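Down below is the structure, laid out as structure tokens.
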Amino acid sequence: MIFSLVPSSPIICFSRPAAAAISTSTSSLSQYQYSLESTFIRRAAEIADKSAGFTAPHPNYGCIVATASGDIAGEGFLFGQGTKSAEVQAVEEAGEYCRGGTAFLNLESSECAGDDIAVSALVQVRQ
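Following the numbering used here, the numbering of the sequence shown begins with 18 at its first residue and continues without gaps.
Structural data, given as structure tokens:
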């Protein structure tokens, strides 16, 4: 999943088809952009593995916040049950650099038992 963090607007969530399934003539993204995005999603999965075995009953997941220029501004992963979500950690680490950036997660962000803190972290932009 890819989330766009745009100041003063709701979160924009979209999924893209695999790069191989898109013809180059109709693709609006370059191969470089697809490669960069897949690198961020792979990195989110890599850091998620740091908590393997500690997050039950929740799955391992990670979040990367990238700037509009393609630099990693923040990273986070679920350490274990009852700890800050990956999204909150990544947005806190990114700080002001999350403005106009994009969050990459290896798992869809959602409300957990009525707790919307993780989703709110993706929507909020630090002032």
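Just so you know, even glycine gets a beta-carbon here, dropped at the ideal spot from N, CA and C. As the structure is a computational prediction, the values presented were derived from the model and not from experiment.
Per DSSP, cross-strand counterpart(s) of residue i
{"i": "residue 89", "result": "83"}
{"i": "residue 71", "result": "Partner(s): none; residue 71 has no beta bridge."}
Where the alpha helix (DSSP H) through residue i begins and ends
{"i": "residue 49", "result": "48-65"}
{"i": "residue 98", "result": "Note, residue 98: premise wrong, no alpha helix (DSSP H); not H, not E."}
DSSP-derived helix/strand/coil call for residue i
{"i": "residue 133", "result": "coil"}
{"i": "residue 138", "result": "helix"}
{"i": "residue 110", "result": "helix"}
{"i": "residue 125", "result": "coil"}
Chain-order list of residues whose beta-carbon lies under 6 Å from that of residue i (same chain, five-residue window excluded)
{"i": "residue 65", "result": "77, 78, 79, 94 and 123"}
{"i": "residue 41", "result": "Here the model assigns residue 41 a pLDDT of 47, short of 50, so the residue's position is not dependable and the matter cannot be decided."}
{"i": "residue 138", "result": "104, 105 and 108"}
beta-carbon residue i near the ligand NAP non-hydrogen atom, thresh 7 Å
{"i": "residue 101", "result": "Ligands are entirely absent from the displayed structure, and the ligand NAP is therefore not among its contents."}
Contact set for residue i: own chain, Cβ-Cβ below 8 Å, skip 5 residues either direction
{"i": "residue 69", "result": "77"}
{"i": "residue 60", "result": "79, 81, 89, 92 and 121"}
Beta-carbon proximity check, residue i vs residue j, cutoff 8 Å
{"i": "residue 147", "j": "residue 90", "result": "Residue 147 lies beyond the stretch modelled for the chain, which goes from 18 to 144, so this question has no answer here."}
{"i": "residue 107", "j": "residue 92", "result": "yes"}
{"i": "residue 83", "j": "residue 121", "result": "yes"}
{"i": "residue 71", "j": "residue 99", "result": "no"}
Chain-order list of residues whose beta-carbon lies under 7 Å from that of residue i (same chain, five-residue window excluded)
{"i": "residue 134", "result": "102 and 105"}
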